[in-house]
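What follows is a short report on a single structure.
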Amino acid sequence: MSTLPDLPVTTVGSWPRPPALLRAQRLKHSGHLSVEEFERQADASVLEVVRLQEEVGIDIVTDGEQRRDNFYSFVAEKLTGTKLMTLLELLDVVEDKASFERVLQTLDVPAYALRTPTCIGPLERRQPLAVEELTFLQRHTDKPIKIPLPGPYLLTRAMFVQEVTRQTYPTKEALAEDVVRILRDEIAELIAAGVAFIQLDEPVLTELVFAQGQTRTFMCAALAARNDPAEELEFAVSLINRVLEGVVGVRTGLHICRGNWSQDESTLLQGSYHPLAPYLERLHVQQLVLEYATERAGSLMSFAEKEIGLGVVNPRTPTVESPETIKALIEQALQLYPRERVFLNPDCGFGTFSNRPVNSTEIALSKLQVLVKVARSLR
Ligand SMILES: [Zn+2]
Numbered sequence: 043m044s045t046l047p048d049l050p051v052t053t054v055g056s057w058p059r060p061p062a063l064l065r066a067q068r069l070k071h072s073g074h075l076s077v078e079e080f081e082r083q084a085d086a087s088v089l090e091v092v093r094l095q096e097e098v099g100i101d102i103v104t105d106g107e108q109r110r111d112n113f114y115s116f117v118a119e120k121l122t123g124t125k126l127m128t129l130l131e132l133l134d135v136v137e138d139k140a141s142f143e144r145v146l147q148t149l150d151v152p153a154y155a156l157r158t159p160t161c162i163g164p165l166e167r168r169q170p171l172a173v174e175e176l177t178f179l180q181r182h183t184d185k186p187i188k189i190p191l192p193g194p195y196l197l198t199r200a201m202f203v204q205e206v207t208r209q210t211y212p213t214k215e216a217l218a219e220d221v222v223r224i225l226r227d228e229i230a231e232l233i234a235a236g237v238a239f240i241q242l243d244e245p246v247l248t249e250l251v252f253a254q255g256q257t258r259t260f261m262c263a264a265l266a267a268r269n270d271p272a273e274e275l276e277f278a279v280s281l282i283n284r285v286l287e288g289v290v291g292v293r294t295g296l297h298i299c300r301g302n303w304s305q306d307e308s309t310l311l312q313g314s315y316h317p318l319a320p321y322l323e324r325l326h327v328q329q330l331v332l333e334y335a336t337e338r339a340g341s342l343m344s345f346a347e348k349e350i351g352l353g354v355v356n357p358r359t360p361t362v363e364s365p366e367t368i369k370a371l372i373e374q375a376l377q378l379y380p381r382e383r384v385f386l387n388p389d390c391g392f393g394t395f396s397n398r399p400v401n402s403t404e405i406a407l408s409k410l411q412v413l414v415k416v417a418r419s420l421r
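So that you can map any letter, position 165 of the sequence shown is 207 in our numbering, and since no number is skipped, the others follow by simple counting.
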């Protein structure tokens with residue numbers, strides 16, 4: 043593993059996809075383009091994203107999730123027993139239609155446009171989730187590589203839709219057993235292949251505490267708001283820790299955020315990390331990759347023994363943060379964390395959903411340029 047500079051700069055994962063790739067993705071979904079041809083076109087987009095990151099001076103690179111339609115539903119293509127269903131299709135099958143409909147009404151995204159991977163049979167990896175993303179990157183960069191993976195709690199909650207899942211898995215706990223096994227197998231293969239950093243994405247955790255029992259986002263739309271948040275958080279902690287048990291030879295991180303699908307900040311969740319802290323502290327991850335550029339995240343908190351992946355630019359805003367703003371945030375973090383535990387990144391990805399990027403490549407690039415400049419000035 044190559045050594046990292048002081049205050050390493052990385053991204054959370056996704057980059058906007060070029061129009062040609064979005065077209066190719068639509069053709070692939072409708073069966074008019076082979077997976078192989080799609081991958082060939084995605085190779086070109088990944089190369090461009092890598093080139094941009096190297097040019098800007100990013101220290102740990104990703105492939106910009108160019109091959110994925112979003113950060114978690116891409117698994118449907120890789121796993122048996124899954125089906126991509128739109129929220130409208132889910133509305134047809136869920137028992138509690140009234141509460142599900144309420145969820146749909148609070149979304150500012152059309153219910154027919156979002157597809158979520160739903161479990162309809164036994165889960166097995168048909169192919170690795172991300173090992174090929176890694177090996178392609180390795181052929182084209184010498185930089186350390188970060189691979190984001192959907193976390194076990196997110197996958198379990200998104201995939202368990204009682205009405206269609208229960209014939210295979212009677213409970214979400216039963217489904218989680220297979221999700222944990224699949225992620226453990228994937229992580230072992232990524233480590234064997236030489237990945238530097240594995241980031242588990244668990245954005246749903248914020249929903250448990252900030253949506254006050256109301257399921258607000260589509261990610262776990264199908265599970266109505268009957269669950270006790272504390273119980274769910276315990277469940278999440280146990281799944282994440284089981285996925286990471288005995289994992290060595292790689293940096294591990296957990297990313298959470300309060301929503302990254304809209305530029306309208308008022309539709310996103312709000313609240314400090316305080317209620318989550320007792321759970322985050324117990325996670326067996328080295329790094330917490332957290333939002334701090336947005337005011338919705340509250341003031342900076344210290345997490346003992348953890349690295350912080352400090353969010354210092356907002357991926358959704360059109361304005362590029364000033365060097366002074368970024369510097370002030372980093373200096374605050376350096377009061378709370380030993381220097382070697384501070385990593386720098388945007389709050390989230392720039393293109394969480396392929397057909398709904400939250401920013402343009404140009405602005406993403408400008409934000410990262412300022413971020414790298416500030417990091418270098420502090421080294
Ligand atoms: Zn995020």
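For glycine and all other residues, C-beta sits at the position ideal for the given N, C-alpha and C.
_Given 7 Å as the limit, tell me if residue 356 has its C-beta closer than that to any heavy atom belonging to ligand 1._
Outside the cutoff, so no.
*Would the C-beta of residue 193 count as close to ligand 1, meaning under 7 Å from any of its heavy atoms?*
no
_Can you tell me whether residue 295 is buried or exposed? The criterion is at least 16 other CB atoms within 10 Å of its CB, across all chains shown._
buried
*Which ranges does the alpha helix (DSSP H) cover as unbroken runs of at least 4 residues, wholly within the segment 157-240, from first to last along the chain?*
173-182, 194-201, 204-207 and 214-235
*Please name the residue, chosen from 87, 49 and 420, that lies closest to residue 102 on a Cα-to-Cα basis.*
49
_Spatial neighbours of residue 173 within its chain, please: C-beta separation below 8 Å, excluding the five flanking residues on both sides._
Counting only residues of its own chain and dropping the five nearest sequence neighbours on each side, residue 173 has a CB closer than 8 Å to the CB of 228, 231, 232 and 235.
*Helix, strand or coil: how does DSSP classify residue 312 here?*
coil
_Whole-angstrom C-beta distance between residue 365 and residue 416, which should lie under 8 Å_ = 5 Å
*Taking 8 Å as the cut-off, decide whether the C-beta atoms of residue 54 and residue 391 are in contact.*
Contact: yes.
*From residue 255 to residue 96, what distance separates their C-alpha atoms?*
Residue confidence is low: residue 255 scores 49 on pLDDT, short of 50, so the model does not pin down where it sits. No coordinate-derived value is stated.
*Would you say residue 324 and residue 279 are within 8 Å of each other, going by their C-beta atoms?*
yes
*Using alpha carbons as the reference points, say which of 222, 251, 208 and 209 lies closest to residue 194.*
222
*Roughly how many angstroms separate the alpha carbons of residue 146 and residue 249, rounded to a whole number?*
15 Å
*Proximity of residue 171 and residue 191 at Cβ, strictly below 8 Å*: yes
_Paired residues, beta bridge with residue 283 - DSSP_ = DSSP, once it has assigned bridges, lists no residue as partnering residue 283.
*Quick check: the segment 377-392 against the segment 351-369, are there 3 or more CB pairs under 8 Å?*
Verdict: yes, contact present.
_Taking only three categories from DSSP, how would you classify residue 388?_
Per DSSP, reduced to three states, the secondary structure at residue 388 is strand.
*Roughly how many whole angstroms lie between the Cα atoms of residue 175 and residue 118?*
16 Å
*asked:* Is residue 388 close to ligand 1? I mean its beta-carbon at under 7 Å from any heavy atom of the ligand.
replied: no
*asked:* For residue 7, count the other beta carbons within 10 Å of its own beta carbon; 16 or more makes it buried, fewer makes it exposed. Which is it?
replied: Nothing in the structure corresponds to residue 7, since the chain is present only between 43 and 421.
*Using a threshold of 7 Å, is the CB atom of residue 508 nearer than that to any non-hydrogen atom of ligand 1?*
Absent from the structure is residue 508, since the part of the chain shown begins at 43 and ends at 421.
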